[in-house]
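If you count the sequence shown from 1, you need to add 19 to reach the working numbering. Each remark here refers to the structure printed beneath this line.
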Amino acid sequence: MLHLKTWTPMCIFFVIVNLYSAASAQIENHTGSITKSFTEPIEQSIAASAETGIVTFAAVNEGDRVNVGNVLASINYKVLEQSLKIAKARAESTARLDAATSQMEMIKSQLNALEDLVSGGHTNKFEVEQKKAAHENAYAEYRAAQDELKLNQLEVHRIEAQIEDRIIKSPIDGFVTEIHKQLGENVSNNEPQYATIVRVDKLKVRFYQDVEALGGLRKGDIVTILIGRSRSRKEATITYVSPIIDPDSGLGRVDVTIDNRDFGIKSGVICFWNEASDASQAARQSDDMPLLQR
């Protein structure tokens with residue numbers, strides 16, 4: 020075991036230097052920033068089928084541009100089409116309701132006539148009560164016919180909804196980047212996805228900054244980032260500044276959005292945080308401070 024008395028001044032010097040270097044490295048890890056990133060679609064969605072079955076119709080190819088609600092494909096629904104025809108025929112048939120209405124009106128007319136005879140003393144009340152009971156039964160049949168017609172109409176809507184579930188539509192505006200199922204392939208509960216769609220009229224980029232840099236950034240601020248290997252300058256809007264710092268890295272997330280309505284920038288392109296933006300943000304924050312606080 021070494022004693023402090025046996026250490027030479029040179030040994031002590033090297034120990035101090037090593038400790039300082041380790042501390043400096045640790046501080047550097049917590050004050051650096053991840054200023055290199057890449058562009059991503061502002062939205063990405065996988066269009067999936069709500070029902071299982073065979074793909075019998077495909078309306079788009081990879082690379083096609085689509086809008087919300089555009090039909091992408093459909094699952095076989097021939098059996099449902101036939102069921103829908105039957106349901107519509109039943110819903111449009113008013114034969115039972117017409118018969119019940121006529122029967123009820125006829126009995127009502129007979130009841131009115133009997134009541135007039137009772138008041139004149141030409142018939143007894145028992146016959147009137149019988150006719151009233153017959154009228155109530157006729158009215159019940161009339162109501163049942165009405166209910167049946169409503170149920171038939173609801174059955175039409177139910178089958179139409181089932182058919183609609185077999186039509187796959189685009190959930191967002193964008194471009195089809197991948198089709199997961201081809202014509203004739205089965206869409207199952209385990210693999211319901213049909214196509215991937217990305218929206219790229221805006222692009223998002225995610226950076227990670229240290230606490231000092233985060234302090235000068237606000238949601239809605241305009242910053243400049245550098246796009247591609249040529250590092251062309253492009254304005255971006257800050258959409259998110261993390262309220263927390265990762266304790267391991269000492270960094271917090273910053274998301275920015277780039278206007279890409281002309282589709283001039285591809286998703287996946289490398290980009291860099293413009294360090295000059297930090298300086299301008301710090302200057303702006305300093306200018307906004309009251310004089311007494313400077």
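Glycine included, C-beta positions come from ideal geometry on N, C-alpha and C. Computed from a prediction, not measured in an experiment: that's the story for all the values here.
- Remark: C-beta atoms of G193 and P60 approach each other more closely than 9 Å.
- Looking at the DSSP output, E124 shares a beta bridge with no other residue.
- Annotation for E148: the continuous alpha helix (DSSP H) segment containing it runs K144 to D184.
- Of the residues P262, L91 and I126, the one whose Cα lies closest to the Cα of A232 is P262.
- Within the stretch 208 to 286, the complete alpha helix (DSSP H) runs of at least 4 residues fall at 230 to 233.
- Between the stretch 217 to 229 and the stretch 116 to 135 there are fewer than three C-beta pairs closer than 8 Å, too few to call the two in contact.
- In the structure shown, the three-state DSSP call for A69 is coil.
- L130 sits close to K150, with the two beta carbons spaced by under 9 Å.
- The residue among S207, I105, F76 and E183 with its C-alpha nearest the C-alpha of G88 is E183.
- Going by DSSP, S189 is part of no beta strand (DSSP E) at all; its letter is neither H nor E.
- The secondary-structure analysis by DSSP pairs R84 across a beta bridge with F194.
- DSSP places I105 inside the alpha helix (DSSP H), whose first and last residues are K97 to E111.
- Boundaries of the beta strand (DSSP E) around A92: V90 to I94.
- Taking a C-beta distance under 9 Å as the contact criterion, A92 and K200 qualify as a contact pair.
- If the five residues before and after P190 are omitted, its C-beta is found closer than 8 Å to the C-beta atoms of S64, A66, V87 and I216, all from its own chain and listed in chain order.
- Counting only the Cα atoms, D166 lies some 9 Å from L116.
- Contact between V273 and Q212 is ruled out by a C-beta separation of about 31 Å, above the 8 Å threshold.
- Where I289 is concerned, the enclosing beta strand (DSSP E) starts and stops at I289 to W292.
- The Cβ atoms of I178 and I94 do not sit closer than 9 Å to each other.
- The three-state secondary structure of A78, taken from DSSP, is coil.
- The Cβ atoms of A164 and A106 lie no closer than 9 Å to each other.
- Residue state for E204 is assigned as coil, using DSSP reduced to three classes.
- Sorting L202, A114, A180 and V206 by C-alpha distance to the C-alpha of Y161 places A114 at the top.
- Judged by their CB atoms, D278 and I257 are not nearer to each other than the 9 Å cut-off.
- By the Cβ-count criterion, G269 is buried, with 16 or more other Cβ atoms from all chains shown falling within 10 Å of its own Cβ.
- Burial state of H176 is exposed, judged by a 10 Å Cβ sphere holding fewer than 16 other Cβ atoms.
- Counting of Cβ neighbours within 10 angstroms places S286 among the buried residues, the total reaching 16 or more.
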